[in-house]
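Asker: Residue 11 in UniProt numbering is what sits at position 11 of the sequence shown, and the numbering runs on without skipping anything.
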Amino acid sequence: MKCVVSVLGKDRSGIVAAVSNVLAQCGANIDDISQTILDDIFSMTMLVTLDIEVADFNTVQERLETAGKDLGVQVIIQREDVFQFMYKI
Numbered sequence: 001m002k003c004v005v006s007v008l009g010k011d012r013s014g015i016v017a018a019v020s021n022v023l024a025q026c027g028a029n030i031d032d033i034s035q036t037i038l039d040d041i042f043s044m045t046m047l048v049t050l051d052i053e054v055a056d057f058n059t060v061q062e063r064l065e066t067a068g069k070d071l072g073v074q075v076i077i078q079r080e081d082v083f084q085f086m087y088k089i
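(1) Enumerate, from N- to C-terminal direction, the unbroken alpha helix (DSSP H) stretches of 4 or more residues contained entirely within the UniProt domain "ACT" (4–78).
(2) Measure how close the beta-carbons of V19 and V4 come, nearest whole angstrom, since I'm counting them as under 8 angstroms.
(3) With a 10 Å radius around its C-beta and 16 neighbouring C-beta atoms as the bar for buried, classify G68 as buried or exposed.
(4) Would you please verify whether the beta carbon of V16 is less than 9 angstroms from any beta carbon of chain B?
(5) Quick one: residues in its chain with C-beta nearer than 8 angstroms to the C-beta of T49, no 5 flanking neighbours on either side, listed in chain order?
Below is the structure:
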């Protein structure tokens with residue numbers, strides 16, 4: 001299952017490592033990644049493929065939410081098909 005992961009918050013060391021670690025533990029693959037820092041605000045978007053035999057969407061969502069709270073950033077995961085559906089007429 002393809003998903004989009006968005007991370008936003010105050011920049012600090014370890015954000016990419018922590019989010020990537022959660023995804024790896026859940027058996028997810030990072031297909032693409034973009035990140036930027038505006039002043040001291042960190043923003044990252046990842047396109048990932050979940051292995052639902054290892055961890056389903058809700059499990060990955062809960063683990064990313066916990067990591068985000070620990071880091072003091074907002075982490076949101078959404079199914080890619082939601083984005084595809086929004087742009088169909």
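Where a beta carbon is used, it is the ideal one built from N, C-alpha and C, also for glycine. These numbers come from a predicted model, not from an experiment.
Answerer: Looking at the coordinates:
(1) Here the runs fully enclosed are 15–25 and 57–71.
(2) In the sequence shown, counting from the first residue as 1, residue 19 sits at position 19. In the sequence shown, counting from the first residue as 1, residue 4 sits at position 4. Their Cβ separation, rounded to whole angstroms, is 13 angstroms, which puts V19 and V4 out of contact at 8 angstroms.
(3) If you number the sequence shown from 1, residue 68 lands on position 68. Around the C-beta of G68, 16 or more other C-beta atoms lie within 10 Å, and the residue is accordingly described as buried.
(4) Although the question refers to chain B, the structure presented lacks it and comprises just one protein chain.
(5) Residue numbering aside, residue 49 sits at position 49 when the sequence shown is read from its first letter. Same-chain partners within the cutoff: M1, K2, C3, A28, N29 and D31.
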